[in-house]
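Below you'll find the structure, written out as structure tokens, and then a few comments.
In this note's numbering, the protein residues as written are 1004 to 1159.
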């Protein structure tokens, strides 16, 4: 039986954090298609929360920074939870902010989890792996495909 790779949407504006997350996901060693948005508006489009892409595929997990250019992570979360198509998708805020007000606001908006980004490289990667294995809707049968231009893609 052939399994489709699970899809993870990563919304992250900091190139170093994006690369750390992608590296951690590749190290899982199983199929996972990762799509990256580098600002809030691109995240909205990638999630199909705009009119042009409203009936696109449903991801298995969203990993989103809180403080993004153009549109904040909590606003993307609010829109995702208001969407019938995305309301049940695990949506994890992964942010450098550990402010109680940010955590409480995101949980009230329906975040599946809120994980402060560790400063330590190893802890950062372990956090990404733990988020993915804990919250991915398709369970632990996934892996990361080779990187192409900074974005994980399904093989052709």
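Glycine residues also receive a C-beta, built at the ideal position from the N, C-alpha and C atoms.
Residue i to residue j span [Cα, whole Å]
i            : j            : result
residue 1015 : residue 1099 : 11 Å
residue 1017 : residue 1067 : 12 Å
residue 1107 : residue 1044 : 23 Å
residue 1007 : residue 1112 : 30 Å
residue 1238 : residue 1129 : The requested residue 1238 does not occur in the structure, where the chain is confined to residues 1004 to 1159.
residue 1049 : residue 1125 : 29 Å
residue 1121 : residue 1053 : 32 Å
residue 1038 : residue 1011 : 6 Å
residue 1076 : residue 1065 : 11 Å
residue 1136 : residue 1118 : 14 Å
residue 1071 : residue 1085 : 20 Å
residue 1109 : residue 1032 : 31 Å
residue 1101 : residue 1114 : 15 Å
residue 1021 : residue 1097 : 11 Å
Cβ-Cβ distance between residue i and residue j below 8 Å
i            : j            : result
residue 1127 : residue 1013 : no
residue 1057 : residue 1035 : no
residue 1089 : residue 1061 : yes
residue 1105 : residue 1073 : no
residue 1116 : residue 1134 : yes
residue 1139 : residue 1019 : no
residue 1059 : residue 1046 : no
Residue(s) in a DSSP beta bridge with residue i
i            : result
residue 1037 : 1011
residue 1096 : 1067 and 1117
Original post:
Is the region 1028 to 1047 in contact with the region 1086 to 1099, if contact means three or more CB pairs nearer than 8 Å?
Top reply: no
**OP:** Mind listing, in chain order, the continuous alpha helix (DSSP H) runs of no fewer than 4 residues lying wholly within the region 1118 to 1143?
**Re:** 1124 to 1138
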